[in-house]
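Chemist: When you read off a place in the sequence shown, starting at 1, and then add 925, the result is the number in my numbering. All residues carry an ideal CB built from backbone N, CA and C; glycine is no exception. Okay, handing you the structure first.
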Amino acid sequence: MTETKKGNKKLIIGVIVMALLIAMFAVLFFLFRPKAVQGAKTITIEVVDDNAASTLYTTHTDAEYLRQAMEETDGLEFSGTEGEFGLMVETVNGVTADYNADQSYWGFYVNGEYCNLGIDTQPVTDGDAFRIVYTR
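The following block contains the structure:
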């Protein structure tokens, strides 16, 4: 067998193994990702602004994800830029965080832990305590 054929065979095997690994990780992600919970729930959302002033909201919602719960929260205003992963929150209650200008951003926490998901995919469960913190 020539070196070229051996190299091609190794490349094909490598591509197949890589595809199988990607498929396996995708299946594991979908099996173990946080699941949305249907039904009525009560959550709190605390906003800590650029002056460390805190505003606490209590929301009664049927929302499955944080963005919808935030939209239903009276007095809470937010906006941002839509992207391929959902809304990137830039302004909360009139305070804008601009990472490009001063490395500031809005950090999201759920039950004391940093959110690893965006607001469009962060599940909401009864009793959750969310914090939205202006961070620099």
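(1) My understanding is that Thr964 touches Asp987, with C-beta atoms under 8 Å, so please give their C-beta distance in whole angstroms.
(2) Which two residues bound the contiguous alpha helix (DSSP H) that contains Glu997?
(3) Tell me, please, which residues DSSP counts as bridged to Gly1005.
(4) Are the CB atoms of Ile1044 and Gly1000 nearer to each other than 8 Å?
(5) In this structure, does DSSP put Thr969 in helix, strand or coil?
(6) Quick check on the burial criterion: 16 or more other C-beta atoms within 10 angstroms. Buried or exposed for Gln1047?
Modeler: So, from the listed chains and residues:
(1) Correcting the residue identity first, residue 964 is Gly in this sequence and not Thr. The Cβ separation is near 7 Å, so the contact holds.
(2) Leu991 to Glu997
(3) Val1014
(4) Going by C-beta atoms, Ile1044 is not nearer than 8 Å to Gly1000.
(5) strand
(6) buried
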